[in-house]
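This report refers to the structure that appears directly beneath it.
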Amino acid sequence: MDGLNVRHLALVIAMSSCMGSALAATSNDFVDKAAAGGIAEVETSRLALEKSASADIKKFAKMMITDHSKANHELAALAKKFDIEVPDSTTLTKQAKEKILDMRDESFDAAYADNQVKAHEETIDLFKKEANTVTDDRVKGATALKGFAQKMLPALEKHLQMAKKLQAAHPSK
C-alpha cells in the first residue's frame, strides 16, 4: 500500500470513528433528556394529585404517572441492555423538582396544564428527532432507541391533545 492510500485509509478510519462517537453522544443525549423528562412528568403529576381539587386534572395526572412510569422503565431497560449510562434517579428527581418550582405564579391547575402542554411539545420534538434519525449499527442501541421513540410518539401526541384540553378548561389568568 503506498503512502497516499495509507493516509486515505487512516482518514476514513478516523472520520468513521468520530462519526460513531458523535452518534453515540446523540443516543446518550436522547436517553438523558427522555429520562429527565419522564421523571419530571411523574413528579409533577404526583404533585398534581396532592394539590389539585379538579377531577380532570387528577385523572390526567394518574394517567401521566402510569404511562410515563412504564415508559421510564422501558427506557431504563433499553439503556441497560446497550450499556448506555442513564443519570441516577436522584439527579433526575432533583431536576424535576426544579421544574416544579416554575409552576408557582398562577393557580396550580392552570400552571400544571400549561406545564403539561409545554413539556409534551418539547418531548414530542425530542422523540421525533430520535425517531427520524438515520441509525448506525455501529452505535450500540441506536436502532432500539429509534424504535422506542417511534413507538412512544402516538401516546405522547395523545397526551398533548389531552393537555391542551386541560389548558382550555383551566386557563391562566
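If you use mature numbering (1 follows the signal peptide of the UniProt record, and there is no 0), the sequence shown corresponds to residues -24 to -1, 1 to 149, in order.
All residues carry an ideal CB built from backbone N, CA and C; glycine is no exception.
Bear in mind that the values here come from a model prediction, so they are computed numbers and not experimental data.
How long is the line joining the alpha carbons of residue i and residue j, rounded to whole angstroms?
i: L54; j: D90; result: 30 Å
i: residue 187; j: M128; result: Outside the displayed span of the chain (-24 to 149) sits residue 187, for which this structure offers no information.
i: D32; j: A145; result: 9 Å
i: A37; j: A16; result: 12 Å
i: G123; j: K141; result: 29 Å
i: G117; j: D101; result: 20 Å
i: K34; j: V110; result: 39 Å
i: S148; j: F58; result: 43 Å
i: Q143; j: A86; result: 6 Å
i: M40; j: K56; result: 24 Å
i: G13; j: T119; result: 21 Å
i: T69; j: A139; result: 22 Å
i: F6; j: Y88; result: 24 Å
i: T66; j: N48; result: 14 Å
i: S30; j: K134; result: 20 Å
i: P130; j: D64; result: 27 Å
My guess is that residue i and residue j are in contact by the Cβ rule of under 8 Å, so how many angstroms apart are they, rounded?
i: residue 161; j: L51; result: In this structure the chain extends from -24 to 149, so residue 161 is not present and cannot be described.
i: F84; j: K27; result: 5 Å
If we call anything under 8 Å between Cβ atoms a contact, is residue i one with residue j?
i: V93; j: L136; result: yes
i: A125; j: E97; result: no
i: N4; j: I60; result: yes
i: L121; j: T99; result: no
At least 3 beta-carbon pairs within less than 8 Å: the stretch 7 to 25 vs the stretch 38 to 54
yes
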